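Peer 1: What follows is a single structure, and I will ask about it in a moment.
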Amino acid sequence: MINADEIAGILKQQIAGFKSEIQEDQVGTVIEVGANLARVYGLQSVRASELVEFPNGMQGVALNLEEDNVGVVIMGDDEQIKEGDKVRRTGRIASVPVGEPMLGRVVDPLGNPVDGKGPIETRRFRTIENVAPTVVQRQPVKQPLFTGIRAIDALIPIGKGQRELIIGDRSTGKTAIAVDTIINQKGKNVFCIYVAIGQKNSTVAALAQILEQKGAMEYTTIVAVGPSEAAALRWIAPFAGCAIGEELMYQGKDVLIIYDDLTKHAQSYREMALLLRRPPGREAYPGDVFFLHSRLLERAAKLSDDLGGGSLTALPIIETQAGDFSAYIPTNVISITDGQIYLTPQLFFQGIRPAVDVGLSVSRVGGSAQTKAMKSVAGQLKLELAQYRDLAAFAKLASDLDKATQMQLLRGEKLTELLKQPQYQPMANEDQVALIYGATKGYVNDVETPRLQNWARGFLAFLHDRHPEIPQAIAQSSQLSDDTKKQLEGALAEFNKSF
Amino acid sequence: MANEKVARRYADAVFQLASEAGAVEPVKRDLHTLDSAIFDDASTREFFLSPVIDRKEKERVLAQAFAGNAHDVALHVVLLLVRKRRENLLREIVRQYDALELRGRGAEPLQITSSSQLPPAELHALVQRLERIYGKKFEVSQRIDPSLIGGLRIMMGDRRIDGSVEGRLEELSRSLFANN
């Protein structure tokens, strides 16, 4: 604790060293204020996106530079700003504190802590808008980023530096996938940033608590802005989160960033743009809403080895209305990202959770990042699931089916059952490989579908207990050699005898 | 906002007319006279701005009251505004006209705020010094604001030169809070 004498001493020092020079700055006058937006007369040489300061210390961003006034979005409450107030240029562009002290903290988009854990000790700042790495500064996505979710790691693999969209209706488990992915990065030297844009504060608090419980908070920063705050803050939140991630990426580290969600981000931007009287386009979004998201997501990258080889993997989230993927913002973000994970309420309510629609989901670049071991088992899984989907559609019409078809339907059912996974229980890659290998090789054919989850749990416990060398071998070599396959088959047969 | 733009168009036209007639000064004076005559009194202001009163009636009264007392250009501005239902633009037009007139003379507005009345000699020396430094001519307006406590605050367009005690205190509080 700091005592009153010390404070007085510091103040004395500061007052003594205070420069009493005449200061010159550029000011404008507020002529209109409302809806977190101020029109300012003057400020003739203000630059676009420059930070300006209101008398009560409130900050704003000069967004619209017009013939005789400047449109400023206020980052905070506009109640204390009145007509006639002087607005000062700062000469700075909006920036956030960055660096390792940000980890484990919950901050607002301006980098102020909101978790009650005291000030953040960092002197490094980074502007929130930065140019994305150029072509020569990048290299292709080639390392896997494990989500710990079987359905995703096997069928829609994500690589470091990739941008994979998570899209679906409300409450279909979009955030759950993102959170599981964060939890799964424990001990993998990947730093995580979760940007909550317009999420309920209670949701963010619950999330922080879960991450804390799972020991995931120590490598995670949460950038949170609630639905009751200014649209400008919701607008800069993902950019601020991205700047925090970029700093770590340029230090050669691997970073995962989650934007939850970009639908609300687009809506906040639309709100600001309409109030600034920018011409509305489709669905009343401004014309540059595509550019807004593309320049944000373009900052995700796998850097070249010359630049340290760091990466920033982005998992943006988009919420659709009644499964309408062809609305403006969803199509925009689908076209920007390197693939998407579709979640559907139908699957969710059938009890298939995570409710990933493996038929519609794709990963355009992740395949080259998948481990050899996973690749060797996932191919078979993909094929069987595809055949199952085709057959399942026809089977609804047919009354009696031949033996082979029935068999295939049954296997598809079992494989689908095996891809179900409870929340907050990410699974190691080698365990996933062992499980899928067993399933595709027919070792689950005699297990009844409702008992499959038990079988999977039991088998993994058995494997780690009796044959720990098998998962170790898969993890170390990241491939499935013939020897390991034999051992694995032996273990599967052994376990099935006792199950 | 939009009003400002419209007012500027009007002010431009008025200023050009006045320059052609070689009557920039008289028109300025008369515009100010008209402006204060109409807006300083509540009932005339209401009469002038009210949309209910017939335009012809307004024109007649205004022409009668000011004919011969004001320069034609200034009077016609007011009458045209009435005819175009743009009465509320008058104040802004006068302001814009002043700015144009100032620029026409190659001068810039300079506002000096002090906590107490400055002696004329000091003010003169100050303005001369500023004119030398910036190489411009200034149209000086003076304001007295006791909340400055001491010193001066000078506004040149949107540039603010602050040497007041109030400004220093503000800066101090800013730097103290910034370090927290």
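Protein sequence lines, in the order shown, are assigned to chains A and B.
In terms of this note's numbering, the first sequence opens at residue 1 and continues consecutively.
In terms of this note's numbering, the second sequence opens at residue 1001 and continues consecutively.
The beta carbon of each residue, even a glycine, is placed where N, CA and C say it ideally should be.
Please read all numbers here as calculations on a predicted model, not as lab measurements.
1. Between isoleucine 1144/B and the ligand GDP, is the CB less than 6 Å from at least one heavy atom?
2. Across which residues does DSSP place arginine 451/A in a beta bridge pair?
3. Anything in chain B within Cβ reach of glutamine 23/A, meaning under 9 Å, just list it in chain order.
4. Starting from lysine 1136/B, find everything on chain A with Cβ-Cβ shorter than 8 Å and list it in chain order.
5. With which residues is proline 144/A paired in a DSSP beta bridge?
6. So which residues on chain A does phenylalanine 1177/B lean against when the C-beta distance must stay under 8 Å?
7. To the nearest angstrom, how far is the alpha carbon of alanine 8/A from that of glutamine 1117/B?
8. In three-state DSSP terms, what is aspartate 503/A?
9. Report yes if the C-beta distance between cysteine 242/A and arginine 278/A is below 7 Å; otherwise report no.
10. For a contact meaning CB atoms closer than 8 Å, what does glycine 1157/B contact in chain A?
11. Taking 7 Å as the CB-CB cut-off, is glycine 28/A touching chain B?
12. Which residue marks the beginning of the alpha helix (DSSP H) containing phenylalanine 191/A, and which one marks its end?
13. Please work out which residues of its chain come closer than 8 Å, Cβ to Cβ, to aspartate 68/A, disregarding the five sequence neighbours upstream and downstream, and give them in chain order.
14. For aspartate 288/A, decide whether its Cβ has a neighbour in chain B, counting only Cβ atoms nearer than 7 Å.
15. So for threonine 127/A, helix, strand or coil by DSSP?
16. For glutamine 1142/B, I'd like the list of residues in its chain whose CB is within less than 6 Å of its CB, leaving aside the five on either flank, ordered along the chain.
17. So glutamate 67/A contacts chain B; which residues on that side make the cut at Cβ distance below 8 Å?
18. On a Cα-Cα basis, can you pick out the residue from Ser95/A, Leu452/A, Ser294/A and Leu343/A that is closest to glutamate 247/A?
19. Hey, glycine 1163/B and leucine 1152/B: beta-carbon distance below 7 Å or not?
20. Can you pull the DSSP bridge partners for valine 363/A?
21. Quick check on the burial criterion: 16 or more other C-beta atoms within 10 angstroms. Buried or exposed for serine 1114/B?
22. By DSSP's criteria, threonine 221/A is part of a beta bridge. Which residues make up the other side?
23. Can you name, in chain order, every residue of its own chain whose Cβ lies under 8 Å from the Cβ of leucine 1089/B, other than the five neighbours on each side?
24. Going by beta-carbon coordinates alone, are alanine 456/A and leucine 480/A separated by less than 7 Å?
25. Select from Asp180/A, Ala386/A, Thr90/A and Gln80/A the residue whose C-alpha is nearest the C-alpha of glutamine 26/A.
26. Starting from the C-beta of threonine 29/A, find all residues in its chain whose C-beta is less than 8 Å away, skip the five residues before and the five after it, and write them out in chain order.
27. Express the C-alpha separation of glutamate 417/A and arginine 505/A in angstroms, rounding to a whole number.
28. Counting only the same chain and skipping the five closest in sequence on each side, list residues whose C-beta sits under 6 Å from that of serine 268/A.
29. Skipping 5 residues on each side, what residues in its chain have a beta carbon closer than 8 Å to that of tyrosine 342/A?
30. Check the C-beta distance from threonine 440/A over to leucine 381/A and give it rounded, since I have them as a contact under 8 Å.
31. Taking all protein chains shown into account, do 16 or more other C-beta atoms lie within 10 angstroms of the C-beta of glutamine 346/A, making it buried, or fewer, making it exposed?
32. Tell whether a beta-carbon distance below 7 Å holds between glycine 111/A and proline 133/A.
33. Short check: CB of isoleucine 318/A to CB of proline 330/A, under 7 Å?
34. In terms of residues, what are the limits of the beta strand (DSSP E) holding alanine 62/A?
35. Do isoleucine 1161/B and glutamate 24/A have their C-beta atoms within less than 7 Å of each other?
36. Does the Cβ of glutamate 212/A have 16 or more other Cβ atoms within 10 Å, making it buried, or fewer, making it exposed?
Peer 2: With the given structure in hand:
1. As far as ligands go, the structure on display features none, and thus does not contain the ligand GDP.
2. DSSP lists no partner for arginine 451/A.
3. Below the 9 Å Cβ cutoff, chain B contributes Arg1160, Ile1161, Asp1162, Gly1163, Gly1167, Arg1168 and Glu1171 as neighbours of glutamine 23/A, in chain order.
4. Neighbours of lysine 1136/B on chain A: none; closest Cβ ~15 Å, over 8 Å.
5. Answer is Gly159/A, bridged to proline 144/A.
6. By Cβ distance, chain A contributes Gly57.
7. Their backbone Cα atoms lie some 37 Å apart in a straight line.
8. In the structure displayed, chain A extends from 1 to 499; residue 503/A sits before or after that span and is not available.
9. The beta carbons of cysteine 242/A and arginine 278/A sit no closer together than 7 Å.
10. Per Cβ cutoff of 8 Å: Gly42 and Gln44.
11. At least one chain B Cβ lies under 7 Å of glycine 28/A.
12. No alpha helix (DSSP H) contains phenylalanine 191/A, which is instead part of the beta strand (DSSP E) from 190-197.
13. Excluding sequence neighbours, aspartate 68/A sits near Tyr41.
14. No, no contact with chain B.
15. Here threonine 127/A sits in strand by DSSP.
16. Taken in chain order, the residues that qualify are Ile1112.
17. For glutamate 67/A, the chain B residues whose C-beta falls within less than 8 Å of its own C-beta are Lys1005, listed in chain order.
18. For glutamate 247/A, the closest alpha carbon among the candidates Ser95/A, Leu452/A, Ser294/A and Leu343/A is that of Ser95/A.
19. Against a cut-off of 7 Å, the Cβ pair of leucine 1152/B and glycine 1163/B comes out as a contact.
20. Here the sequence assigns serine to residue 363/A, which means valine is not the residue at that position. DSSP lists Gly339/A as partners of serine 363/A.
21. So serine 1114/B ends up on the buried side.
22. Within the DSSP secondary-structure output, threonine 221/A pairs in a beta bridge with Ile193/A.
23. Non-local beta-carbon contacts of leucine 1089/B in its own chain, meaning distances under 8 Å to residues more than five positions away in sequence, involve Asn1003, Val1006, Ala1007, Tyr1010 and Leu1081 in chain order.
24. Remark: C-beta atoms of alanine 456/A and leucine 480/A do not approach each other more closely than 7 Å.
25. The shortest C-alpha separation from glutamine 26/A is found at Thr90/A.
26. The answer, listed in chain order, is Val40, Tyr41, Gly42, Gly84, Asp85, Lys86 and Val87.
27. No statement about residue 505/A is possible, as the shown extent of chain A runs from 1 to 499 and does not include it.
28. Around serine 268/A: Ala231, Arg234 and Trp235.
29. The answer, listed in chain order, is Ile167, Gly168, Phe325, Val356, Asp357, Leu360 and Ser361.
30. Contact holds; Cβ gap of about 6 Å.
31. It counts as exposed.
32. No. Outside cutoff.
33. Taking 7 Å as the cut-off, the beta carbon of isoleucine 318/A is found closer than this to the beta carbon of proline 330/A.
34. Counting along the chain, the beta strand (DSSP E) containing alanine 62/A begins and ends at 59-65.
35. For the 7 Å CB-CB criterion, isoleucine 1161/B and glutamate 24/A form a contact.
36. Result: exposed.
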